[in-house]
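Its first residue numbered 1, the sequence shown is counted upward by one per residue in full-length UniProt numbering. C-beta atoms are modelled at their ideal positions from N, C-alpha and C, and glycine is treated no differently.
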Amino acid sequence: MPQKNWRGFSDMISRKQYLEQRLGGLTGGILWGLDTVLIGFILLQSPLKGFTGTAPLLATFLHDTFSALVLLLIGAKQAGQSYLKSLWNSLVHQSSGRWVAFAAIFGGPIGMTSYTLSIHFIGPGYTAIISAMYPAFGALLNFIIFRQRPTFSTILGLTLAISGTMLAGISASTQSSVNPIGFLFAAMCVIGWGSESVISAYGMKNDLSSDTALQIRQLISAVVFAIIIVPLIPSGFSMTFSILTAPVCFILFLTALAGTLSYRFYYRSINTLGAVEAMGLNISYSAWAIFIGLFFGNALSFTALLFAFIIIAGSVLTADSQQLILKKIIHLRS
1 MPQKNWRGFS DMISRKQYLE QRLGGLTGGI LWGLDTVLIG FILLQSPLKG FTGTAPLLAT
61 FLHDTFSALV LLLIGAKQAG QSYLKSLWNS LVHQSSGRWV AFAAIFGGPI GMTSYTLSIH
121 FIGPGYTAII SAMYPAFGAL LNFIIFRQRP TFSTILGLTL AISGTMLAGI SASTQSSVNP
181 IGFLFAAMCV IGWGSESVIS AYGMKNDLSS DTALQIRQLI SAVVFAIIIV PLIPSGFSMT
241 FSILTAPVCF ILFLTALAGT LSYRFYYRSI NTLGAVEAMG LNISYSAWAI FIGLFFGNAL
301 SFTALLFAFI IIAGSVLTAD SQQLILKKII HLRS
């Protein structure tokens with residue numbers, strides 16, 4: 001039977017499995033695009049629209065909390081009390097679980113908090129431009145720590161996906177005045193998201209499943225938000241309660257379900273494809289959000305459409321570690 005190496009690859013893998021793994025990663029990007037659009041819609045509803053600057057943080061807290069609870073209920077229903085015992089054992093007694101918990105702090109509290117604060121200080125356009133660099137940072141970190149050299153297809157794909165996202169951010173930027181601290185938060189977001197993927201990949205290299213890793217990720221993120229970030233927000237818990245009792249809470253719960261599915265695909269991609277290829281597929285969310293936004297009345301310009309296709313093409317190339325697409329193009333030209 002083929003053995004898995006630390007990145008999750010099998011020594012022998014069929015082309016069907018190869019394509020299915022990458023389609024799963026792309027599906028995660030599509031679902032996160034949906035999550036992104038829905039969060040944008042939710043932030044415009046009462047009472048969140050009145051919580052200037054803090055609404056994204058509170059929405060993220062509830063989003064990850066709902067996700068963690070749903071995953072707990074599903075796991076407990078499928079495996080009973082043994083699920084909770086297994087989860088506790090993974091988190092407390094296994095180094096792999098502790099590594100994923102460490103990654104969760106980078107991805108949720110550090111990455112998402114920095115992302116939302118960056119939007120507050122410099123606007124979504126500039127934030128998108130800078131935060132799009134997280135796969136490049138992750139690839140660099142992956143090379144420094146694990147000496148994993150990316151293929152030419154991966155480098156080309158990352159370049160296209162990141163460039164497309166940055167150009168889309170530039171075209172969407174309408175911020176007339178910016179606070180320089182926002183750029184610092186955007187850089188922290190890059191470090192947080194890039195580190196999360198690489199550290200999670202390391203944590204899942206042994207016997208920790210991607211689903212258990214995701215449960216740990218969402219649980220740790222929710223707990224850190226609850227005990228550190230929300231208490232730092234003036235009237236943070238009071239505002240959180242007002243969201244829970246408002247009609248928009250149901251939409252936020254449904255959004256959390258979409259986000260949970262997205263993360264399941266993302267973490268499975270990290271486990272099977274490795275951190276770099278998973279990030280390359282996941283960044284396609286910025287393109288899918290453009291298309292999904294059409295159903296919410298958002299306008300679609302030619303430039304946005306062009307950038308979306310560039311991002312998706314780059315994402316697909318990033319995950320093509322066997323360079324099948326480039327080989328096909330070269331074959332057609334010869």
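Problem set entry | Start and end residues, alpha helix (DSSP H) containing Met-204 | Segment: none, Met-204 is in no alpha helix (DSSP H) and carries neither H nor E.
Exercise. Does the Cβ of Ser-46 have 16 or more other Cβ atoms within 10 Å, making it buried, or fewer, making it exposed?
Worked result: exposed
Problem set entry | Host alpha helix (DSSP H) of Ala-55 (start-end) | Residue range 55–79 is occupied by the alpha helix (DSSP H) that includes Ala-55.
Exercise. Would you call the CB atoms of Val-198 and Gly-138 closer than 7 Å?
Worked result: yes
For this session: Given a cut-off of 7 Å, decide if Met-166 and Asn-271 are closer than it, judged by their beta-carbon atoms.
Result: no
Problem set entry | Buried/exposed call for Thr-36, threshold 16 Cβ in 10 Å | buried
Exercise. If we count Cβ pairs, one from each stretch, closer than 8 Å, do we get three or more for the region 214–225 versus the region 96–108?
Worked result: yes
Exercise. Counting pairs of Cβ atoms below 8 Å between the region 176–190 and the region 49–59, do you hit three or more?
Worked result: no
Exercise. CB-CB under 6 Å to Ile-31, same chain, minus the five flanking residues each way: which ones, in chain order?
Worked result: Looking at the sequence provided, one finds Leu at residue 31 rather than Ile. Counting only Cβ-Cβ distances below 6 Å, and skipping sequence neighbours, we find Ala-258, Leu-261 and Ser-262.
Problem set entry | Neighbourhood of Ser-86 by C-beta, 8 Å cutoff - its chain only, sequence neighbours within 5 removed | Ala-79 and Thr-212
Problem set entry | Cβ pair Gly-29, Tyr-285 closer than 7 Å | Cβ distance < 7 Å, so Gly-29 and Tyr-285 count as in contact.
Exercise. Quick one: Cα of Ser-114 to Cα of Lys-16, how far?
Worked result: 39 Å
For this session: Give the DSSP-derived three-state secondary structure of residue 347 in the structure shown.
Result: For residue 347 there is no data in the structure shown, the boundaries of the chain being 1 and 334.
For this session: Report the rounded CA-to-CA distance for Ile-129 versus Gln-81, giving the unit in angstroms.
Result: 45 Å
Problem set entry | Every unbroken alpha helix (DSSP H) within the region 173–252, with a cutoff of 4 residues, ordered by chain | 181–203, 210–224 and 236–244
Exercise. Ile-94 to Ile-170, Cα distance in whole Å?
Worked result: Note on residue identity: the sequence assigns Gln, not Ile, to residue 94. So the alpha carbons of these two residues sit roughly 44 Å apart.
For this session: Report yes if the CB atom of Phe-66 is closer than 7 Å to the CB atom of Ala-256, and no otherwise.
Result: Yes, Cβ-Cβ distance for Phe-66 and Ala-256 is below 7 Å.
Problem set entry | Euclidean distance between Cα positions of Leu-73 and Leu-252 | 18 Å
Exercise. Of all the options Ser-153, Phe-250 and Tyr-134, which has the alpha carbon lying nearest to the alpha carbon of Trp-193?
Worked result: Tyr-134
Exercise. Between which two residues does the alpha helix (DSSP H) harbouring Ala-136 extend?
Worked result: 134–146
Problem set entry | Option in Gly-33, Leu-71 and Tyr-266 with minimal Cα separation from Ala-289 | Gly-33
Problem set entry | Reduced DSSP category for Leu-305 - H, G, I as helix; E, B as strand; rest coil | helix
For this session: Rounded to whole angstroms, what's the CA-CA distance from Thr-52 to Phe-296? Just pull it up for me.
Result: 22 Å
Exercise. Considering Leu-48, what are the terminal residues of the alpha helix (DSSP H) in which it resides?
Worked result: It is not in any alpha helix (DSSP H) - Leu-48 carries neither H nor E in the DSSP assignment.
Exercise. Would you call Glu-20 buried or exposed, if buried means 16 or more other Cβ atoms sit within 10 Å of its Cβ?
Worked result: So Glu-20 ends up on the exposed side.
Exercise. Do you know offhand how far Leu-317's Cα is from Thr-240's?
Worked result: So the alpha carbons of these two residues sit roughly 41 Å apart.
Exercise. Which of helix, strand or coil does DSSP assign to Leu-43?
Worked result: coil
Problem set entry | Ser-284, enclosing alpha helix (DSSP H) - first and last residue | Element bounds for Ser-284: n/a, residue is neither H nor E.
Exercise. Expressed to the nearest angstrom, what Euclidean distance is found between the alpha-carbon atoms of Ala-302 and Tyr-126?
Worked result: Residue identity differs from the one stated: residue 302 is Phe in this sequence, not Ala. Looking at the two C-alpha atoms, the distance is approximately 20 Å.
Problem set entry | Beta-carbon gap between Ala-287 and Ile-311 smaller than 7 Å | yes
Exercise. Would the beta-carbon of Ala-313 fall within 7 Å of that of Leu-160?
Worked result: yes
For this session: Assign Ser-269 to one of two classes, buried (16 or more other C-beta atoms within 10 Å of its C-beta) or exposed (fewer than that).
Result: Classification of Ser-269: buried, given that the 10 Å Cβ count is 16 or more.
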